[in-house]
Structures are given as C-alpha cells and as structure tokens.
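Chemist:
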Amino acid sequence: VQLVESGGGLVQVGGSLRLSCAASGSIFSINGMGWHRQAPGNQRVLVADITTGGSTNYADSVKGRFTISRDNAKNTVYLQMNSLKPEDTGVYYCNYVAGYDNYWGQGTQVTVSS
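If you want this note's numbering, it's the position in the sequence shown, counting the first as 1, plus 556.
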C-alpha cells in the first residue's frame with residue numbers, strides 16, 4: 557500500500573488547511589485511515605482516524621476544530637483543520653491499517669505561525 561499526502565503548508569493562527577491522503581495498491585475493503593502528528597522532539601500522536609464505515613475518533617486537543625472524512629471510492633482520507641493554533645504545528649503522517657497491515661505516508665509539514 558502506498559500513501560501520498562498533500563495539503564500541508566504555512567498558515568497563520570486561526571487559519572485553515574485541508575490535508576489529503578490517497579491510498580493505492582492492495583487496499584482491503586474494510587480498513588482504518590487516519591492522521592498522526594509529530595512535533596519536533598515529541599512522539600508521533602494520533603490526531604484523528606476514521607473507518608470505512610465512517611466511525612471517527614479525535615484527539616481531545618482538536619475536537620470541534622478538525623474534521624476527518626473519507627471517500628471510499630477514491631481510497632482517500634481528508635483532514636479539514638480550522639482555527640489552527642501554534643501547537644498544531646508538526647509533520648502530519650497519514651496512516652492505513654487493515655488487519656496486520658500498517659502503512660505510513662511520507663508526512664507533510666504543517667506550520668502555524670503567530
């Protein structure tokens with residue numbers, strides 16, 4: 557499975573960004589996809605994830621500001637990020653999980669400047 561992310565960049569506090577991650581290869585019909593963030597010097601942490609059935613899970617720090625969605629026909633997951641804060645800064649990694657399969661994208665940088 558290959559994951560290609562896009563949509564990162566530099567944005568001011570309070571701004572918005574939309575991340576996309578397209579999966580290709582041997583995709584199982586039932587899977588979970590999500591986004592994790594890694595800030596400098598910190599561990600990679602879950603931001604949000606979503607199943608093929610549409611069940612979602614969010615980190616407390618992003619609830620009410622971020623929305624994860626997916627297009628199963630395109631094997632693509634999106635992360636709409638609103639009201640961005642400096643602490644949202646980091647490399648955002650797309651993740652695909654199906655059974656024992658666990659794949660990561662190359663990461664996309666999100667920088668929120670004050």
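All C-beta atoms in this analysis are idealised placements derived from N, C-alpha and C, irrespective of residue type, glycine included.
Thinking C-alpha only, which one of D627, Q568, N628 and C650 is nearest S562?
Modeler: Checked all of D627, Q568, N628 and C650; the closest Cα to S562 is C650.
Chemist: Are the Cβ atoms of T632 and S576 separated by less than 9 Å?
Modeler: Taking 9 Å as the Cβ cut-off, T632 and S576 qualify as a contacting pair.
Chemist: Taking the beta strand (DSSP E) that Q599 falls in, what are its first and last residues?
Modeler: From DSSP, Q599 is part of no beta strand (DSSP E); its letter is neither H nor E.
Chemist: Mind checking L566: buried by the 16 CB within 10 Å criterion, or exposed?
Modeler: So L566 counts as exposed.
Chemist: Given a threshold of 16 other Cβ atoms within 10 Å of its Cβ, counted over all protein chains shown, does V666 qualify as buried or as exposed?
Modeler: Buried: at least 16 other Cβ atoms inside 10 Å.
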